[in-house]
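Chains as they are written, first to last, in the numbering used here: chain X, 400 to 731; chain L, 400 to 731.
All C-beta atoms, glycine included, are put in the ideal place defined by N, C-alpha and C.
Here is the structure:
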């Protein structure tokens with residue numbers, strides 16, 4: 400029997416789910432609802448109708464969870480509500496596919512972790528979806544195969560067009576900050592590609608030049624000292640010009656003892672003892688297909704809950720560093 | 400009458416001078432000498448003979464300065480001796496073209512500044528020579544013309560092949576550290592391109608994976624908070640594979656309120672309201688020709704002493720941050 404899926408909110412990347420619903424017959428979307436921000440869910444409601452013309456719409460997500468009793472909840476309200484919505488789902492033993500950051504404050508993150516470890520065998524996966532792109536997947540494969548030797552230094556970059564944003568973007572409390580919303584991908588790559596723990600971070604961010612978006616930060620840099628003296632930066636901005644050929648300019652450069660690998664412009668470049676080469680890309684994977692597999696016990700390649708919690712902590716500590724203008728330790 | 404030039408040591412980039420001597424008739428190399436490290440000067444002696452077969456060779460640079468009484472001294476002994484050699488030159492009112500870093504410790508830097516300000520109208524120029532490459536010069540021109548608007552974020556990168564190094568590289572006291580030797584270019588670009596002052600720095604460095612080069616650091620990252628909340632990183636490494644197509648992989652990415660400019664692979668890429676473009680490069684300039692012009696009162700485009708001192712301070716503070724594992728303030 401196909402898994403029943405409900406979607407909460409429409410701020411994030413629930414498009415992975417509505418798209419997968421069109422071809423993946425192992426699940427269907429039974430209903431969608433507003434998030435706690437009560438900003439509506441029209442976009443995701445329409446998006447869900449293409450696979451299920453009978454999809455229901457709720458205003459209250461708690462009512463939806465208790466009425467529909469879904470197998471999987473897709474959580475993407477305003478970021479500031481992610482933790483509480485995730486906790487409500489986990490309390491009901493519902494599997495979760497959550498937008499990142501899964502929490503925006505350390506105390507909420509702790510409560511979320513408690514709820515996860517108290518739940519009974521649920522899958523808790525986050526939308527660190529850039530891992531699944533053909534270029535990042537190819538980079539990971541090469542690094543794991545030893546293409547650069549021991550990783551010694553990394554530079555991650557996220558650069559987005561700003562455009563005109565409203566809703567959560569205009570209120571830092573609801574949004575969580577740009578280091579969390581945009582930077583979490585970059586910080587995830589640092590951990591995912593190296594497997595090294597974070598030790599200390601010093602970050603800088605600013606909302607200057609944000610074209611009237613209240614306190615929205617549009618530039619940030621982070622410097623992490625990681626395990627084994629690995630040095631790692633994350634550069635994050637919302638200043639990519641409207642005229643740029645793509646929305647994002649995602650990059651990572653991984654410098655190891657025997658090689659340098661770089662993801663840039665959707666390609667993967669490697670220089671090592673075999674000379675220079677452009678690596679073949681992997682197949683594009685929809686992360687929600689992997690969540691469905693995991694829920695069905697079929698070895699889905701999901702972003703593990705432990706990774707998500709750890710990277711979320713790193714993002715929150717980096718934001719704290721930028722806010723408080725000091726180094727933040729991960730051992731505190 | 401042509402200016403008389405002496406060269407001290409052979410560790411740095413005195414090749415700019417021996418090369419210019421072959422076509423620039425406004426100066427000649429009268430003599431060369433060992434630096435205080437007494438590691439010889441054979442390479443620079445031979446290099447000087449192509450323009451002056453009668454060039455003299457000294458073992459003691461003080462004796463050379465006092466005997467030859469040159470107009471300009473070219474200073475490139477082991478880095479740890481740069482400050483004291485520069486001071487000896489300035490005391491004698493000799494113009495200086497010095498390898499960077501011009502000092503490796505803050506107290507030496509202070510003494511050097513005192514010697515410079517006490518000297519009578521000398522030109523003190525440093526070998527921040529990458530500024531003079533056709534691509535960095537083109538980047539500077541575009542930025543000064545407003546191509547990116549107000550600078551908000553910068554990422555600078557220096558990546559070198561290590562090869563097999565000896566001499567000063569094997570002793571941190573004589574070498575000064577990789578943030579100073581390699582990173583000083585990157586840190587110079589941050590200041591030169593933006594004109595912003597540094598406020599705080601947090602840096603990480605490591606000598607792991609240095610292939611038997613004692614305490615030589617081969618990886619480092621710096622995160623600077625600059626004036627006006629500008630965020631800036633410098634990524635520095637000696638891990639560029641031997642098989643790479645060039646010795647260095649110099650880059651800078653400058654993100655502004657209205658555009659993004661990037662120097663990479665000897666090209667300059669700009670995206671702003673006019674779309675994407677590759678900028679025309681500037682003419683290649685030999686920095687020593689500019690020093691000679693400056694000494695002759697002909698508006699030489701040199702790296703000003705004040706810039707050199709300030710960037711040297713920034714490099715030393717960044718190295719202190721990495722050594723002491725804490726944020727270093729520039730207002731302390």
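Check, Outcome
"Pairwise C-alpha distance: residue 557/X and residue 560/L", "27 Å"
"Residue 424/L, buried or exposed, once every other Cβ within 10 Å from all chains shown has been counted against 16", "exposed"
"C-beta contact flag for residue 593/X and residue 629/X at 9 Å", "yes"
"According to DSSP, residues forming a beta bridge with residue 457/X", "432/X"
"Neighbour flag for residue 627/X against chain L, beta carbons, 9 Å", "yes"
"CB of residue 711/L within 9 Å of CB of residue 452/L, strictly", "no"
"Neighbour flag for residue 640/X against chain L, beta carbons, 9 Å", "yes"
"Residue 422/X vs residue 528/X beta-carbon contact at 9 Å", "no"
"Helix, strand or coil at residue 494/X according to DSSP, with G and I counted as helix", "strand"
"Beta-carbon contacts of residue 446/X that lie in its chain and below 6 Å, excluding the five residues immediately before and after", "417"
"For residue 684/X, the nearest candidate out of 534/X, 620/X and 481/X (CA to CA)", "534/X"
"Exposure label - residue 620/L; buried when at least 16 CB within 10 Å", "buried"
"CB contact below 9 Å: residue 725/L versus chain X", "yes"
"Rounded distance between the beta-carbons of residue 706/L and residue 515/L, thought under 8 Å", "In fact, because the Cβ distance is near 13 Å, the residues do not count as touching under 8 Å."
"Minimum Cβ-Cβ distance from residue 678/X to chain L less than 9 Å", "no"
"Reference residue 702/L, options 686/L, 714/L, 461/L and 716/L, closest by Cα", "686/L"
"Buried versus exposed, by CB contacts within 10 Å (16 or more), residue 599/L", "buried"
"Bridge partner(s) assigned by DSSP for residue 599/X", "624/X and 728/X"
"Whole-angstrom C-beta distance between residue 677/X and residue 667/X, which should lie under 8 Å", "7 Å"
"Contacts around residue 469/X, its chain only, beta-carbon distance under 7 Å, and the 5 residues preceding and following it disregarded", "403, 404, 405, 429 and 493"
"Residue 601/L: contacting residues in chain X (beta-carbon distance under 7 Å)", "601, 622 and 726"
"Chain L within 9 Å of residue 715/X, Cβ atoms only", "no"
"Min CB distance residue 596/L to chain X below 9 Å", "no"
"Start and end residues, alpha helix (DSSP H) containing residue 714/L", "704–723"
"Delimiting residues of the alpha helix (DSSP H) encompassing residue 691/X", "686–694"
"DSSP beta-bridge partners of residue 645/L", "Residue 645/L pairs with nothing; no bridge assigned."
"Inter-residue Cα distance where the pair is residue 526/L and residue 434/L", "17 Å"
"Entirely enclosed beta strand (DSSP E) segments - the stretch 463–509 of chain L, minimum 3 residues", "471–474 and 494–497"
"Separation of residue 587/X from residue 596/X, as counted between CA atoms", "11 Å"
"Cβ shell of residue 490/L (< 7 Å), same chain only, five flanking positions each side left out", "514"
"Cβ pair residue 652/X, residue 634/L closer than 9 Å", "yes"
"Neighbour-count burial assignment, residue 419/L, 16 or more Cβ in a 10 Å radius", "buried"
"CA-to-CA distance, residue 540/L to residue 690/X, given in whole angstroms", "51 Å"
"Selected residue, minimal CA-CA separation from residue 654/L, among 550/L, 504/L and 448/L", "550/L"
"Strand pairing of residue 663/L, partner residues [DSSP]", "650/L and 666/L"
"Contact list for residue 631/X against chain L, beta-carbon separation under 9 Å", "603 and 620"
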